[in-house]
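**Q**
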Amino acid sequence: MKKALILLAGPPGTGKTYFKNMIMARNDNFESTSVDVFKERLYDEIGFDNLDEKKVIDDNALYLFFQKVEEFMTLGKSIISDYPFSDKQYSELQRLSQKYGYFDITVSMYAADDVLYERQKSRDKDESRHLGHLMTHYHRGDVVKDRSKIEIMKSKKEYLDFNKKRGYNDFRLGYLIKFDVSDFSKADYEGVLREINSLIG
Numbered sequence: 001m002k003k004a005l006i007l008l009a010g011p012p013g014t015g016k017t018y019f020k021n022m023i024m025a026r027n028d029n030f031e032s033t034s035v036d037v038f039k040e041r042l043y044d045e046i047g048f049d050n051l052d053e054k055k056v057i058d059d060n061a062l063y064l065f066f067q068k069v070e071e072f073m074t075l076g077k078s079i080i081s082d083y084p085f086s087d088k089q090y091s092e093l094q095r096l097s098q099k100y101g102y103f104d105i106t107v108s109m110y111a112a113d114d115v116l117y118e119r120q121k122s123r124d125k126d127e128s129r130h131l132g133h134l135m136t137h138y139h140r141g142d143v144v145k146d147r148s149k150i151e152i153m154k155s156k157k158e159y160l161d162f163n164k165k166r167g168y169n170d171f172r173l174g175y176l177i178k179f180d181v182s183d184f185s186k187a188d189y190e191g192v193l194r195e196i197n198s199l200i201g
């Protein structure tokens with residue numbers, strides 16, 4: 001089996017974490033990490049009182065993510081990560097992959113704009129969604145029972161413009177697999193899994 005770095009990319013609302021968990025359940029050779037894991041840990045450990053402080057945390061989370069990726073690579077572990085990847089992560093991931101001789105696969109997950117926006121709205125209102133992503137200030141223990149009162153809630157235009165600006169649908173590192181998840185019930189998870197397995201051996 002090749003040493004692989006699999007990046008499940010695409011805008012929020014494409015079901016990246018669900019697919020990552022599916023892959024992990026079928027292959028115990030992968031280590032998993034994500035930028036959001038570190039963001040949420042730091043939101044709870046440190047907290048923030050404004051968006052400037054939140055940005056510092058987010059930047060630190062990205063640094064910790066890169067550290068974890070390199071740690072796995074020094075051990076020769078295959079890695080899977082889910083995130084709305086963009087140019088912000090590309091150069092460092094490419095550098096690490098080349099340094100340690102990894103085979104890169106990007107699964108670019110996409111869906112119709114209307115579908116993505118409705119999914120994102122529903123996700124943000126779900127109580128399991130960490131408040132640190134949704135508020136301009138947050139400390140461990142904060143509660144917003146009425147999720148209609150979250151502070152960071154983009155309009156459809158803002159959401160789509162933000163996705164386009166970040167280039168979520170354009171991210172590609174290594175071999176590219178485009179994966180339509182407009183309808184989860186019809187998404188070809190098995191086909192993409194077979195393609196991944198055939199690539200990494």
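Per the working numbering, numbering through the sequence shown is continuous, rising by one, with the last residue being 201. We put the beta carbon where it would ideally sit given N, CA and C, even for glycine.
DSSP on Thr74, reduced to helix/strand/coil?
**A** helix
**Q** Starting from Ser97, trace the alpha helix (DSSP H) both ways and give me its first and last residue.
**A** In the DSSP assignment, Ser97 falls within the unbroken alpha helix (DSSP H) covering Asp87 to Tyr100.
**Q** Using 8 Å as the Cβ pair cut-off and three pairs as the minimum, do the region 26-33 and the region 59-76 touch?
**A** yes
**Q** Between Glu92, Lys88, Asp114 and Glu40, which has its C-alpha nearest Glu158's C-alpha?
**A** Asp114
**Q** Distance check for Gly201 and Pro12, CA to CA, integer angstroms please.
**A** 30 Å
**Q** Nearest-angstrom Cα distance between Lys54 and His137?
**A** 8 Å
**Q** To which residues of the same chain is Phe179 closer than 6 Å at the C-beta, ignoring the five residues directly before and after it?
**A** Val107, Met109 and Val192
**Q** With Val143 as the anchor, note down where its alpha helix (DSSP H) starts and where it stops.
**A** Here Val143 belongs to no alpha helix (DSSP H), and DSSP marks it neither H nor E.
**Q** So the beta strand (DSSP E) Glu31 belongs to, where does it begin and stop?
**A** Phe30 to Ser32
**Q** By alpha-carbon positions, which one of Ile152, Asp82, Gly174 and Lys2 ends up nearest to Val37?
**A** Looking at Ile152, Asp82, Gly174 and Lys2, the one whose alpha-carbon comes closest to that of Val37 is Asp82.
**Q** Can you check which of these residues, Lys20, Asp104 and Arg119, is closest to Ala111 by C-alpha distance?
**A** Ranked by Cα distance from Ala111, the first of Lys20, Asp104 and Arg119 is Arg119.
**Q** Check the C-beta distance from Phe103 over to Ala4 and give it rounded, since I have them as a contact under 8 Å.
**A** Your pair Phe103 and Ala4 checks out as a contact, with CB atoms roughly 5 Å apart and the cut at 8 Å.
**Q** If you follow the alpha helix (DSSP H) that Lys157 is part of, which residue opens it and which one closes it?
**A** Lys156 to Arg166
**Q** Excluding the 5 residues flanking Lys164 on each side, which residues of the same chain have their C-beta closer than 8 Å to its C-beta?
**A** Contacts found: none.
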